[in-house]
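Peer 1: Plus 7 on top of the position in the sequence shown (first one is 1) and you've got our numbering.
By construction, the Cβ of each residue, glycine as well, lies at the ideal position given by its N, Cα and C atoms.
Below is one structure. I have some questions about it.
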Amino acid sequence: MKNTDLLRLGALPLAALIAGCGGNAKKTEKLPNIVVIMADDLGYGDISCYGATEIQTPGIDRLAREGLRQMNGHCTSATSTPSRFAMLTGMYPWRVGAAILPGDAPMLIKEDMPTFPKMLKQAGYATGVVGKWHLGLGNGNVNWNEPITPSPNQIGFDYSYIMAATNDRVPTVYVKNGRVVNLDPNDPIEVSYKHNFPGEPTGKDNPELLRMHPSLGHNMSITNGIPRIGYMKGGKSALWVDEEMYKVFLDEAKEYVKAHQQQPFFLYYALHQPHVPRLPNAMFAGKSKLGPRGDVILEADYCVSEFLNYLDELNLTENTIVIFTSDNGPVLDDGYQDMAEEMNGNHKPAGPFRGWKCDPYEGGARIPMIVRWPGKIEAGTTSDALICQVDFCPSFAALLNTSYEVKDGENQIDALLGKSPEGRKNLVLEGYGIDLWLKEGDWACIPEYTTRRGEIVEARLYNLKEDIAQQHNLASEYPEKVREMTEKLQSIKAR
Ligand code: NG6
Ligand code: CA
């Protein structure tokens, strides 16, 4: 029997929630669809519903108006691969040493690991992913001209339409259900992160071919006039056009929803904006006054808006839980000369927080997290509960009354849906590399650690209630607190 009817779940909090507060779930009531829209490098202060004044994001703001803004919502890490790993597995990413992956890395999520989409499949859902992947593909020696396995399809997704890594990394092609899209068999693809292929131009040697120049790195193979990370050859007919990417993924996301509207579905819609290279479609170029970074935020906002309109059109809005979030904090110059710093003006991408993408501060890993479920979540509300993307899988498992074990994520469904102001007691967060930090109550502590070069970085302790901008290191004033939090972090690590 398919788990699409709620009644057999009995008089559970779930039934009560889904049916409204009376708990009289009707037999025909369907499981809610679940959509996670994840932006790439979008900061807490980058959208108007979280306080941005220099840019307007009406599409995302609609979600906030109709749903709940988590004001203390986190990704686990200040970079993409680790955060996405945590969201999809319910496990802290440093347990497996997750770090920013190259485009030819093997699949980081092992086929026997618990995953969010596997849990949802168990509960009767169709599961799809569209957009940025960045969790590795294959077994370490991918032939891009053959079916690639494992792909997302082996770790819980029935459908996938993705880019392998990031928009600044080769291969610069789309991969659908493990196969490169539009590949001409007479022009095979080769990829290397070690050496170039003879005769192929690079950003380093052929700057005359570039439309945008790197500020750091990003000087290897060229696609669409843009130099990338990694070397690649062939696959001309399959190469993406950055300026069209918004539409490719948006159309795929809509298609997925349309094709699966008869059953409960889960869609992980992973936007590529505002990650570098920032190449807005002509519709958005020059529209933000903040340069390409602002323009691609407008483009992302348009995608959200169009996607929500499409849910309306299909009459799916009422029964679809939509979460909008981001994989790490913001960054201005991230390796291309795209005027992000010069044109930033008074904009505050990280809102009131200290730090950026990669940093072990609030700005690195406190991100927007908006949850909409019409009729079930009070519209236009906020929550200060401490909550993290690592909690999505176990929280939804609880909502669906599906028993599912994950390592670190907690059932925080009441906090996620705004039914309870209590969230997690503590949360381990991560900057770039190994600097783990702990957030508990009003406190954030980055324990003393030794860098790879052997330098000792002293402990940092902040009282977030009094010092949200983390300007005053209280470590020497409260050594007991530092010790206590350092031990707590150690014990969570050892768990
Ligand atoms: C860094 C890249 C940066 C970005 C980041 C990954 C350089 C100099 N910097 O190595 O541009 O691609 O990796 O970003 O190459 S993330 O959001 O996917 O984690
Ligand atoms: Ca990112």
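Mind checking L127: buried by the 16 CB within 10 Å criterion, or exposed?
Peer 2: L127 should be labelled buried.
Peer 1: Could you say which of Q497, I453, T458 and S498 lies nearest to S483 if we only look at CA atoms?
Peer 2: Ranking Q497, I453, T458 and S498 by Cα distance to S483 puts I453 first.
Peer 1: Measuring alpha carbon to alpha carbon, tell me which residue in G362, L321, G97 and L246 is nearest A85.
Peer 2: Considering only alpha carbons, the answer is G362.
Peer 1: By DSSP, does E320 sit in helix, in strand, or in coil?
Peer 2: Helix.
Peer 1: Where the beta carbon is closer than 7 Å to any heavy atom of ligand 2, which residues qualify, in chain order?
Peer 2: Per the Cβ criterion, the list is D47, D48, T86, S87, H282, D334, N335 and K364.
Peer 1: For K426, name the three-state secondary structure that DSSP assigns.
Peer 2: K426 falls in the coil class under three-state DSSP.
Peer 1: Which same chain residues end up closer than 8 Å to M120 when comparing Cβ atoms and leaving out the 5 residues on each side of it in sequence?
Peer 2: T96, M98 and I162, listed in sequence order.
Peer 1: In the DSSP assignment, find the beta strand (DSSP E) that holds Y132 and state where it starts and stops.
Peer 2: Neither: Y132 is in no beta strand (DSSP E) and is coded neither H nor E.
Peer 1: Can you have a look at L13 and say buried or exposed, based on whether 16 or more other CB atoms are within 10 angstroms of its CB?
Peer 2: Only weak support exists for where L13 lies, its pLDDT of 38 falling under 50; the value from the coordinates is given anyway. The residue in question, L13, is buried, as its Cβ has 16 or more Cβ neighbours within 10 Å.
Peer 1: In angstroms with no decimal places, state the Cα-to-Cα distance between Q477 and N470.
Peer 2: Roughly 7 Å separates the two Cα atoms.
Peer 1: Report, in whole angstroms, the separation of the C-beta atoms of Y132 and F273, which I expect to be a contact under 8 Å.
Peer 2: Correct: roughly 5 Å between the Cβ atoms.
Peer 1: CA-CA distance, D421 and A405?
Peer 2: Between D421 and A405, the C-alpha separation is close to 10 Å.
Peer 1: Within the same chain, show all residues whose beta-carbon is closer than 6 Å to that of G50, passing over the 5 residues directly before and after it, in chain order.
Peer 2: The answer, listed in chain order, is G336, P337, P356 and A357.
Peer 1: Run the proximity test for H225: is its beta-carbon closer than 7 Å to any non-hydrogen atom belonging to ligand 1?
Peer 2: Yes, the beta carbon of H225 sits closer than 7 Å to at least one heavy atom of ligand 1.
Peer 1: Look up P124 in the DSSP assignment and say whether it is helix, strand or coil.
Peer 2: In the structure shown, P124 sits in a helix (DSSP, three-state: H, G or I).
Peer 1: Between which two residues does the beta strand (DSSP E) containing Q77 stretch?
Peer 2: Looking at the DSSP string, the run of the beta strand (DSSP E) that includes Q77 is L75 to Q77.
Peer 1: Using 10 angstroms around the beta-carbon of R431, count the other beta-carbons present and answer buried if the total reaches 16, otherwise exposed.
Peer 2: So R431 counts as buried.
Peer 1: M492 by DSSP, collapsed to three states: which one?
Peer 2: Residue state, collapsed to three classes: helix.
Peer 1: Distance, Cα to Cα, Q129 vs T122?
Peer 2: Cα to Cα, the separation comes out at about 11 Å.
Peer 1: Reducing DSSP to helix, strand and coil, say where S498 ends up.
Peer 2: Reduced to three states, the DSSP call for S498 is helix.
Peer 1: Do you know offhand how far L216's Cα is from T230's?
Peer 2: In a straight line, the C-alpha of L216 is about 10 Å away from that of T230.
Peer 1: Let me check understanding here. Comparing Cα to Cα, which of A451, D415 and C365 lies closest to I499?
Peer 2: The shortest Cα separation from I499 among A451, D415 and C365 belongs to D415.
Peer 1: When the distance is taken between beta carbons, is L423 closer than 8 Å to D398?
Peer 2: It is a contact, given that the beta carbons lie within the stated cut-off.
Peer 1: Tell me the rounded alpha-carbon separation between P214 and I233.
Peer 2: Spanning the two alpha carbons is a distance of roughly 10 Å.
Peer 1: Cβ-heavy atom distance between T324 and ligand 1 below 7 Å?
Peer 2: For ligand 1, not one heavy atom lies less than 7 Å from the Cβ of T324.
Peer 1: Please classify M219: does DSSP put it in a helix, a strand, or coil?
Peer 2: Note: M219 maps to coil in three-state DSSP.
Peer 1: At the level of alpha carbons, what is the spacing between T388 and Q268?
Peer 2: Spanning the two alpha carbons is a distance of roughly 28 Å.
Peer 1: Report back the beta-carbon spacing between I196 and G242 to the nearest angstrom; my notes put them in contact at under 8 Å.
Peer 2: Confirmed, Cβ separation roughly 4 Å.
Peer 1: In chain order, what residues of the same chain have a beta carbon less than 7 Å from the beta carbon of L481, not counting five sequence neighbours either side?
Peer 2: If we look at L481 and ignore the five residues flanking it on each side, its Cβ neighbours are L468, Y469 and N470.
Peer 1: Contact between the segment 302-311 and the segment 192-208: three or more CB pairs below 8 Å?
Peer 2: Too few Cβ pairs lie closer than 8 Å, so no.
Peer 1: Report yes if the C-beta of D340 is less than 7 Å from at least one heavy atom of ligand 1; otherwise report no.
Peer 2: D340 Cβ: outside cutoff for every heavy atom of ligand 1.
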